[in-house]
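See structure below.
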Amino acid sequence: MDPTRFIESIDRQLARRKVELSNLSIMVSEQNPDPHRLSCIARSAVVLAYAHWEGFVKRGSGDYVKFINGAGIKVADLKFPFQAAYVLSTFKRASNSVKTRYLGELLQEIDARRAEVFSVPPDKCIDTESNLSSNVFKEIVQGVGLDILPLYETRSVFIDQRIVLARNQVAHGELVSFDAVDVKDRIDGVRLLIDTYADQLKNAASADAYLKI
Numbered sequence: 001m002d003p004t005r006f007i008e009s010i011d012r013q014l015a016r017r018k019v020e021l022s023n024l025s026i027m028v029s030e031q032n033p034d035p036h037r038l039s040c041i042a043r044s045a046v047v048l049a050y051a052h053w054e055g056f057v058k059r060g061s062g063d064y065v066k067f068i069n070g071a072g073i074k075v076a077d078l079k080f081p082f083q084a085a086y087v088l089s090t091f092k093r094a095s096n097s098v099k100t101r102y103l104g105e106l107l108q109e110i111d112a113r114r115a116e117v118f119s120v121p122p123d124k125c126i127d128t129e130s131n132l133s134s135n136v137f138k139e140i141v142q143g144v145g146l147d148i149l150p151l152y153e154t155r156s157v158f159i160d161q162r163i164v165l166a167r168n169q170v171a172h173g174e175l176v177s178f179d180a181v182d183v184k185d186r187i188d189g190v191r192l193l194i195d196t197y198a199d200q201l202k203n204a205a206s207a208d209a210y211l212k213i
């Protein structure tokens, strides 16, 4: 997959998610709604907003790893998070012994593997842990060799409290309620975050930002 096709893939899935988020925003904004119906829509919208947050980060990051898999790049030429993901099994074996000879053999193996062409399952770099909190998100961003943008820092509380916690409250059966303005703000926040992350992924693919400097 070349950068153009990767960017098109990101844009397609982003567009589909944003259409649904926009429809949810319209639904909670209808005039003179039945209160019970509005409550049901609002609670559903909170869960779906989280779903699109986690879904885009997981799918977009995974597609980015697949894009790098298809580039035919040697492991040693990639940023260190990708190198670490590639030799992860070797690191795990190293934890079982502290003997110098054995560790020396493992270092030789790691060095040899760094000359191989990179290809890993995306889940070696990405784990949403079923709750895409701000800390988990930052781990994923750094795990695919990208920088933590200022927006991710300033929106950490929003992610943890207004996306993740609210979703968990509804999904775990708590009878919490949300008004239309509150729900629209959450939806707008999710759109901003996935838009920003999409741009970061696309720019990284175009600029070969996965390569070691």
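In UniProt numbering, the protein residues as written are 1 to 213.
Yeah, the Cβ is synthetic: ideal placement off N, Cα and C, and Gly gets one too.
Residue i (DSSP reduced to helix, strand or coil)
| i | result |
| --- | --- |
| Val-120 | coil |
| Leu-146 | coil |
| Thr-196 | helix |
| Glu-109 | helix |
| Asp-160 | helix |
| Glu-129 | coil |
| Val-87 | coil |
| Ala-115 | coil |
| Val-176 | coil |
| Asp-182 | helix |
| Asp-167 | The identity of residue 167 in the sequence shown is Arg, whereas the question assumes Asp. Of the three classes helix, strand and coil, the one that applies to Arg-167 here is helix, per DSSP. |
| Arg-191 | helix |
C-alpha distance - residue i paired with residue j, whole-angstrom precision
| i | j | result |
| --- | --- | --- |
| Ser-44 | Leu-21 | 11 Å |
| Thr-4 | Ile-68 | 13 Å |
| Gln-169 | Asp-182 | 15 Å |
| Gly-143 | Ile-126 | 7 Å |
| Tyr-50 | Ser-61 | 16 Å |
| Lys-212 | Val-65 | 15 Å |
| Val-157 | Glu-174 | 21 Å |
| Ala-15 | Arg-191 | 10 Å |
| Glu-30 | Asp-77 | 54 Å |
| Ala-171 | His-52 | 15 Å |
| Ser-9 | Arg-59 | 10 Å |
| Phe-178 | Leu-106 | 55 Å |
| Ser-206 | Val-117 | 20 Å |
| Ile-194 | Arg-12 | 13 Å |
| Arg-167 | Glu-54 | 11 Å |
| Ser-25 | His-36 | 17 Å |
| Gln-108 | Phe-56 | 38 Å |
| Lys-138 | Pro-33 | 39 Å |
| Gly-145 | Met-27 | 38 Å |
| Asn-203 | Pro-121 | 22 Å |
| Val-47 | Val-176 | 12 Å |
| Asn-23 | Ile-7 | 24 Å |
| Ile-110 | Leu-103 | 10 Å |
| Asp-63 | Thr-100 | 39 Å |
| Tyr-210 | Ile-148 | 15 Å |
Residue i - partner residues in DSSP beta bridges
| i | result |
| --- | --- |
| Leu-211 | Leu-78 |
Problem - Whole runs of the alpha helix (DSSP H) within the segment 4-84, excluding any shorter than 4 residues - result: 35-69
Practice task
Specify whether the segment 197-204 and the segment 35-42 touch according to this definition: at least 3 beta carbon pairs, one from each stretch, less than 8 Å apart.
Solution key: no
Exercise for the section: Check whether the segment 151-164 touches the segment 73-86, counting contact only when three or more Cβ pairs, one atom from each stretch, lie closer than 8 Å. Expected result: no
Exercise for the section: Examine the Cβ distances between the segment 123-141 and the segment 182-192 and report whether three or more of them are shorter than 8 Å. Expected result: no
Exercise for the section: Evaluate contact between the segment 69-78 and the segment 149-160, counting only Cβ atoms and requiring at least three cross-stretch pairs below 8 Å. Expected result: no
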